[in-house]
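K.L.:
This is the structure, below, for whatever I ask next.
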Amino acid sequence: MTTDRNLLARRMFEGISDTYDWPAQLLSLGQYGRWRRCAVDRLQVTDDALVLDVATGTGLVARDLVSRRGARVIGLDLTFAMLDRARGSNIALVSGRAEQLPFPDASFDGIVFTYLLRYVNDAAATLDELVRVLRPGGAMASVEFGIPTNGVARAGWSIYAMHLLPLASSVISPGWKEVGRFLGPSIMSFNESFPPPVLEHLWSGAGMQDVRMRRLTFGAGVVTWGTKVNAR
Ligand SMILES: C[S@@+](CC[C@H](N)C(=O)[O-])C[C@H]1O[C@@H](n2cnc3c(N)ncnc32)[C@H](O)[C@@H]1O
């Protein structure tokens, strides 16, 4: 069942699908690619593993998985316009929702998802669903936006996210103007409910073990990875 948040995400990403990659890199002050590569490099899979990239968007993570890890990748997203931009690369693309994946249990050796959990109604249930399609012993890695804990860095982050980002985004396009206004408050509200220790707890609760986290750029990016508990 499509939710109100699914509709919001689809509308917002339809508005920026034409120009996604370079503004994302620019507005993250050059950090977007670095965070993504950190998650891809932490995914503990062998060459030729079958990996699902959930919320693949224009396929940036999926392409890194192919080029850096030699993985076979399926990219899934709920915004058709974003998937259209991912076409032409060596990735199979599927339209779908993270909350209800169109795959049988234990289908994948690895799963990656980036900037997804702010767009779902129930983060714990969505994590359960992601882990369902991962084989026992398989690996999962993600990136979410975080907020710096250090006082000075946090003040700088607030000024940037709440004031400069909306201003800079509004120059790019009307679609980016909406995203620029949405992002700061959305990241703050997500981090109030799911600060990194709570996220780590959710991963364990969903059946992941050896869960590790790395905070990048003073904590503005949070990379999480782990492996699925083996069946006993
Ligand atoms: C910020 S973009 C990230 C795209 C890509 N992962 C990257 O790192 O460049 C977020 C993507 O999540 C997708 N999305 C949001 N909610 C989703 C859901 N419930 N299921 C699948 N995709 C979703 C959006 O359509 C959008 O393409």
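Converting from the sequence shown to the numbering used here requires adding 1323 to each position, the first position being numbered 1.
Positions of the beta carbon are idealized from the N, C-alpha and C atoms, including for glycine.
1) Below 8 Å, how does it come out for the segment 1336-1347 and the segment 1393-1413: are there three or more Cβ pairs, yes or no?
2) Where does residue 1423 sit, in a helix, a strand or coil, going by DSSP?
3) So what does DSSP say about residue 1470, is it helix, strand or coil?
4) What are the boundary residues of the beta strand (DSSP E) that includes residue 1432?
5) Which of helix, strand or coil does DSSP assign to residue 1416?
6) Under 7 Å, do residue 1395 and residue 1363 count as touching if we go by C-beta distance?
7) At a threshold of 6 Å, does residue 1403 count as lining ligand 1 (C-beta to nearest heavy atom)?
8) If you count every other CB in all the chains shown that lies within 10 Å of the CB of residue 1482, and 16 or more means buried, which is it?
9) So, do the segment 1461-1480 and the segment 1416-1428 have three or more beta carbon pairs nearer to each other than 8 Å?
10) On the criterion of 16 or more Cβ atoms from any shown chain inside 10 Å, does residue 1462 qualify as buried, or is it exposed?
11) Evaluate the contact criterion for the segment 1445-1463 versus the segment 1539-1550: three or more CB pairs, one atom per stretch, below 8 Å.
12) Take residue 1443 and list the residues in its own chain whose beta-carbon comes closer than 7 Å to its own, dropping the five residues that flank it on each side.
13) For residue 1408 versus residue 1381, is the C-beta distance shorter than 7 Å?
14) Just how far apart, CA to CA, sit residue 1383 and residue 1399?
P.N.:
Well, looking at it:
1) yes
2) On the sequence shown, residue 1423 is found 100 positions in, with the first residue counted as 1. Strand, per DSSP.
3) As a first step, residue 1470 is located in the sequence shown; it is residue number 147 there, counting from the start. Annotated three-state conformation of residue 1470 is coil, per DSSP.
4) Along the sequence shown, read from residue 1 onward, the residue named residue 1432 stands at position 109. It spans 1431-1437 - the beta strand (DSSP E) in which residue 1432 sits, taken as one unbroken run.
5) Locating residue 1416 in the sequence shown gives position 93, where the first residue counts as 1. Residue 1416 carries a strand assignment under DSSP once its states are collapsed to helix, strand and coil.
6) Along the sequence shown, one-based indexing puts residue 1395 at 72. Along the sequence shown, one-based indexing puts residue 1363 at 40. No, the pair does not count as a contact, with Cβ atoms beyond the cut-off.
7) Indexing the sequence shown from 1 puts residue 1403 at position 80. Checking every heavy atom of ligand 1 against the Cβ of residue 1403, none is found closer than 6 Å.
8) In the sequence shown, counting from the first residue as 1, residue 1482 sits at position 159. By the 10 Å Cβ count, residue 1482 comes out exposed.
9) no
10) In the sequence shown, the residue the question calls residue 1462 occupies position 139. Label assigned to residue 1462: buried.
11) yes
12) Mapped onto the sequence shown, residue 1443 falls at position 120. Excluding residues within five positions, the ones whose Cβ falls inside 7 Å are 1328, 1421, 1422 and 1449.
13) Within the sequence shown, numbered from 1, the residue matching residue 1408 stands at position 85. Within the sequence shown, numbered from 1, the residue matching residue 1381 stands at position 58. It is a contact, given that the beta carbons lie within the stated cut-off.
14) As a working mapping, residue 1383 is identified with position 60 in the sequence shown. As a working mapping, residue 1399 is identified with position 76 in the sequence shown. Going by the C-alpha atoms only, they are around 12 Å apart.
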